[in-house]
Amino acid sequence: MQNICWSELLKHSILTAQHANDGHLIAAATDTLQQTAHQFVKVLNERARLLANSAQFDAALRDAAAIRAILPGSGLGYLCTGYVYCQQGHYPAAISIYDQGLAAIPESDLYYQQLQQQRIATETSSNKRVNFISRLPLDIVITNILPRVEKMFSSNSFSKFLYVSRTWQERILKQPDGLRFSFGREANTFKKGHTQLIRFAPHVHSLQGSISDVGLDDLFSRAHFSNLKELDIYCDSTTRRLPLIHGLRMIGASLTHLTLYDCPGLQLRDIVEACPNLVFLATKEVDAVMSFSTSSSYPKLKHLALHEQTELPGTLENMVDVLSRFPSLRVFESSPMPDSSLLPILHKYCPYLHAIFYDLVSLEFGAEAANTQSNRKGIASACLSGELYKQDYLIQFLHLQRDSLEMIYFEGNIQDNDGGALWTISNGRVLSSDQQHHQPPPPSETSFPRLTDLDFISPHPSTTHVQMLLWVLLNAPNLSTIHLCDFYLQPDIANAMTKLQNLQKIRIDVISNGDDNARQMNAISNEGIQQFLQHHIALGDRSTLEHVVVHMTIVEIYQESWMPLLSRLTRLKNLDLLVEYISEDSIPIIECISEGCPSLEKLTLGVYGAELVGGVLIPLRKHPNLKFLKIGAASLPDTNLLALCTFRNLKQLELECFVPDDLREILQDRIPKVQIDT
Numbered sequence: 181m182q183n184i185c186w187s188e189l190l191k192h193s194i195l196t197a198q199h200a201n202d203g204h205l206i207a208a209a210t211d212t213l214q215q216t217a218h219q220f221v222k223v224l225n226e227r228a229r230l231l232a233n234s235a236q237f238d239a240a241l242r243d244a245a246a247i248r249a250i251l252p253g254s255g256l257g258y259l260c261t262g263y264v265y266c267q268q269g270h271y272p273a274a275i276s277i278y279d280q281g282l283a284a285i286p287e288s289d290l291y292y293q294q295l296q297q298q299r300i301a302t303e304t305s306s307n308k309r310v311n312f313i314s315r316l317p318l319d320i321v322i323t324n325i326l327p328r329v330e331k332m333f334s335s336n337s338f339s340k341f342l343y344v345s346r347t348w349q350e351r352i353l354k355q356p357d358g359l360r361f362s363f364g365r366e367a368n369t370f371k372k373g374h375t376q377l378i379r380f381a382p383h384v385h386s387l388q389g390s391i392s393d394v395g396l397d398d399l400f401s402r403a404h405f406s407n408l409k410e411l412d413i414y415c416d417s418t419t420r421r422l423p424l425i426h427g428l429r430m431i432g433a434s435l436t437h438l439t440l441y442d443c444p445g446l447q448l449r450d451i452v453e454a455c456p457n458l459v460f461l462a463t464k465e466v467d468a469v470m471s472f473s474t475s476s477s478y479p480k481l482k483h484l485a486l487h488e489q490t491e492l493p494g495t496l497e498n499m500v501d502v503l504s505r506f507p508s509l510r511v512f513e514s515s516p517m518p519d520s521s522l523l524p525i526l527h528k529y530c531p532y533l534h535a536i537f538y539d540l541v542s543l544e545f546g547a548e549a550a551n552t553q554s555n556r557k558g559i560a561s562a563c564l565s566g567e568l569y570k571q572d573y574l575i576q577f578l579h580l581q582r583d584s585l586e587m588i589y590f591e592g593n594i595q596d597n598d599g600g601a602l603w604t605i606s607n608g609r610v611l612s613s614d615q616q617h618h619q620p621p622p623p624s625e626t627s628f629p630r631l632t633d634l635d636f637i638s639p640h641p642s643t644t645h646v647q648m649l650l651w652v653l654l655n656a657p658n659l660s661t662i663h664l665c666d667f668y669l670q671p672d673i674a675n676a677m678t679k680l681q682n683l684q685k686i687r688i689d690v691i692s693n694g695d696d697n698a699r700q701m702n703a704i705s706n707e708g709i710q711q712f713l714q715h716h717i718a719l720g721d722r723s724t725l726e727h728v729v730v731h732m733t734i735v736e737i738y739q740e741s742w743m744p745l746l747s748r749l750t751r752l753k754n755l756d757l758l759v760e761y762i763s764e765d766s767i768p769i770i771e772c773i774s775e776g777c778p779s780l781e782k783l784t785l786g787v788y789g790a791e792l793v794g795g796v797l798i799p800l801r802k803h804p805n806l807k808f809l810k811i812g813a814a815s816l817p818d819t820n821l822l823a824l825c826t827f828r829n830l831k832q833l834e835l836e837c838f839v840p841d842d843l844r845e846i847l848q849d850r851i852p853k854v855q856i857d858t
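This is the structure:
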């Protein structure tokens with residue numbers, strides 16, 4: 181059946197022939213239909229307005245559309261639709277539908293004047309702005325309101341927050357941190373465009389974007405960026421060096437934080453000469469070269485990150501020349517790693533250095549590790565990766581920084597002693613290799629009183645590495661957190677760890693390797709891990725160990741003979757089993773944990789994408805104190821998801837997997853806090 185046009189049904193028929201009095205009867209019937217239609221749309225109009233007042237906008241718009249379909253020549257349907265849009269606050273849509281109605285109906289229509297009046301009233305409402313912001317104290321506006329609006333403005337796109345009213349704009353521009361702008365990727369020209377950025381240039385404190393073969397100076401010459409403090413620029417091989425340097429000079433007086441990535445051909449001296457007031461500088465693919473013709477220093481710079489250096493990155497002479505220019509440096513990052521001979525002399529050129537990151541990025545370690553506010557002399561965070569650390573230099577560095585070190589992260593390769601070595605390590609003691617050397621005596625009595633965090637995860641488990649680790653462990657009485665690969669946990673290491681009276685957290689990375697040497701080392705490390713765990717089991721409530729992290733990639737938890745011992749740690753509060761597989765063979769280990777670990781409150785099972793067998797969570801329902809549970813998996817069978825609903829004391833659940841909507845609602849009803857990341 182073809183679609184029916186309802187308005188056609190209400191028109192009087194043109195009869196070419198009629199029988200008896202049928203023509204009058206047909207006209208009367210049509211009149212009755214028209215009266216009925218008008219009564220019907222009147223009721224529809226009343227219902228649509230009631231629905232709109234009850235925020236049932238979709239249903240209200242449906243009724244309004246029906247009115248227009250039945251009586252397209254009447255203004256009532258357009259009035260009704262506009263009313264619904266106004267209730268929603270969609271004034272432009274209301275004005276548009278009023279305009280359609282005024283064009284569609286004759287001026288003689290009963291509702292024509294009402295449409296005109298409503299259009300004028302709606303346009304007035306659309307132009308109104310509620311200026312409550314001017315009545316609030318500035319500190320409330322800055323701390324509570326502005327952080328909830330746009331944090332980053334686009335250089336080209338219109339931002340409604342900057343144009344609400346003049347007062348709004350003034351308040352936004354007065355915030356002490358200024359405006360943050362991004363110009364995306366500019367590959368054509370800075371000579372035009374970027375209207376919004378240019379207009380608010382004096383108020384811009386932070387700017388970021390990517391550039392190709394364009395001149396940065398073209399942008400900064402169009403307006404006065406007098407308060408620009410932070411600039412993040414990502415270049416490519418086509419970026420021109422001189423316009424980039426010229427652009428930096430134009431804003432260098434105010435700039436304090438600069439990130440320049442992928443800028444081949446640019447040199448460190450170009451940057452600091454153009455921007456002498458920098459406090460933070462991070463570069464990538466920039467030549468770490470200073471001018472040998474001058475000895476200028478830059479005492480304001482506190483954080484220097486030189487990554488993927490392209491020329492003379494690690495020579496001692498070059499790095500000494502670089503660091504000597506920054507006497508106030510607190511944080512130094514370098515990749516590739518500089519020559520290890522630099523380690524023992526760092527303090528001579530940067531006495532306030534707080535943290536070093538060799539072949540590593542400080543962002544991976546958190547803000548505290550890269551603290552630039554400390555005025556205390558001595559390095560607190562030493563994060564070292566890369567190849568070929570000579571043992572003598574490493575020992576001397578650690579000895580010199582013994583009173584300040586708080587964190588050591590070591591992932592490098594220590595070069596075994598050669599014939600010219602000054603010291604050797606045996607049984608955790610540093611001994612002189614040649615007493616005739618006119619060098620400092622061996623630091624055998626070194627102590628690290630402030631050291632609390634130790635990560636020793638070098639993938640080179642040689643005797644040299646084991647002895648270096650043992651020396652640190654025996655001389656760091658206040659260690660509270662240790663992170664080791666399993667092959668380092670040999671009996672001597674485990675014995676040293678049992679003497680630590682403040683140890684609260686240990687992470688063990690289980691490294692799987694199938695060769696004969698690896699199997700032999702695994703057997704030795706299993707003995708050491710068991711020795712360590714048995715010690716804390718024997719301590720009972722006197723044990724300080726509260727957090728254990730086990731990370732496995734290929735093997736399963738049931739394959740490690742020491743895993744059941746975890747359930748007997750009476751003080752264990754937090755357990756993370758970061759594994760990629762949990763099969764039925766591992767369920768007995770989960771049962772041991774559920775029946776043991778009386779103090780356990782937090783448990784993490786799996787990692788993102790892990791494979792967990794169905795039923796693995798069911799034993800955990802019995803645990804009386806478990807309050808936090810995090811699951812990482814590719815997916816969870818419904819049996820595991822439904823089991824979560826039966827946990828008696830669970831307060832917080834985090835799932836890194838897909839959860840169907842119906843089960844998600846059930847979990848949210850049963851558990852106070854549920855977070856699902858898919």
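Counted the way our numbering counts, the sequence shown spans residues 181 to 858.
Just so you know, even glycine gets a beta-carbon here, dropped at the ideal spot from N, CA and C.
- In the structure shown, the three-state DSSP call for Gly708 is helix.
- Glu410 is bridged by DSSP to Ser386 and His437.
- Here Arg365 carries a strand assignment [DSSP, helix/strand/coil].
- Exclusion of the five residues before and after Ala656 leaves Phe628 and Leu631 as the residues of its chain whose Cβ lies within less than 6 Å of its Cβ.
- Look at Ala550 here: in three-state DSSP terms it is coil, with no helix or strand label.
- Cα atoms of Leu424 and Ile413: separation of roughly 10 Å, rounded to the nearest angstrom.
- Sorting Ser504, Gln296, Met677 and Leu580 by C-alpha distance to the C-alpha of Ile662 places Met677 at the top.
- For the alpha helix (DSSP H) assignment, the uninterrupted runs of no fewer than 4 residues enclosed by the segment 618–688 are, from N- to C-terminal side, 643–654 and 671–678.
- As computed with DSSP, Thr784 is found in a beta bridge with Asp756 and Lys810.
- Pairwise C-beta distances place the segment 271–281 in contact with the segment 241–258, as three or more of them are shorter than 8 Å.
- A Cβ-Cβ contact shorter than 8 Å links Ile856 with Leu835.
- Phe545 and Lys482 have their C-alpha atoms some 18 Å from each other.
- Distance check between Ser705 and each of Lys480, Arg687 and Asp672 places Asp672 closest, using alpha-carbon atoms only.
- Ser779 places its beta carbon less than 8 Å from that of Lys753.
- The residue from Ser660, Ser565, Asn675 and Asp666 with its alpha-carbon nearest to that of Leu725 is Ser660.
- For Leu792, DSSP records a beta bridge to Ile762.
- Looking at the backbone, the Cα of Ala560 and that of Ser339 are separated by about 44 Å.
- Taken through DSSP and simplified to helix, strand or coil, Ala562 comes out as strand.
- Relative to Asp519, the option among Leu543, Pro531, Leu568 and Lys528 whose CA is nearest is Leu568.
- With a minimum length of 4 residues, the unbroken runs of alpha helix (DSSP H) contained wholly in the segment 256–285 fall at 256–268 and 271–284.
- Counting every other CB atom within 10 Å of its CB across the protein chains shown gives Arg328 a total below 16, marking it as exposed.
- In chain order, Gly708, Gln711 and Phe712 place their CB closer than 6 Å to the CB of Ala674, counting only its own chain and leaving out the 5 sequence neighbours on each side.
- Bounds of the alpha helix (DSSP H) holding Ala246 are Phe237 to Ile250.
- Looking from the CA of Thr419, the closest CA among Ser434, Tyr441, Asp393 and His426 belongs to Asp393.
- Comparing alpha-carbon positions, the option among Asn682, Asp635, Cys530 and Leu758 lying closest to Ser723 turns out to be Asn682.
- Counting other Cβ atoms within 10 Å of its Cβ, Val223 stays below 16 and is therefore classed as exposed.
- Annotation: Ser471 to Leu446 spans about 13 Å, alpha carbon to alpha carbon.
- Burial is judged here by how many other beta carbons sit within 10 angstroms of a residue's own beta carbon; Ser606 has fewer than 16 and is exposed.
- Per DSSP, His579 lies in no beta strand (DSSP E) segment; the continuous alpha helix (DSSP H) that holds it begins and ends at Gln571 to Leu580.
- A direct Cα-to-Cα measurement between Phe363 and Gly389 gives close to 5 Å.
- Around His803, the same chain offers Ser774 as residues with beta carbons nearer than 6 Å, after the five sequence neighbours per side are excluded.
- Beta-carbon to beta-carbon, Asp397 and Thr369 are separated by about 12 Å, too far to satisfy the 8 Å threshold.
- Between the alpha carbons of Asn829 and Leu785 lies a distance of about 18 Å.
- Counting other Cβ atoms within 10 Å of its Cβ, Thr375 stays below 16 and is therefore classed as exposed.
- DSSP, reduced to helix, strand and coil, places Tyr532 outside both helices and strands of the structure shown, so it counts as coil.
- In the same chain as Tyr271, and ignoring 5 residues on each side of it, the C-beta atoms closer than 7 Å to its own belong to Thr302, Ser305 and Ser306, in chain order.
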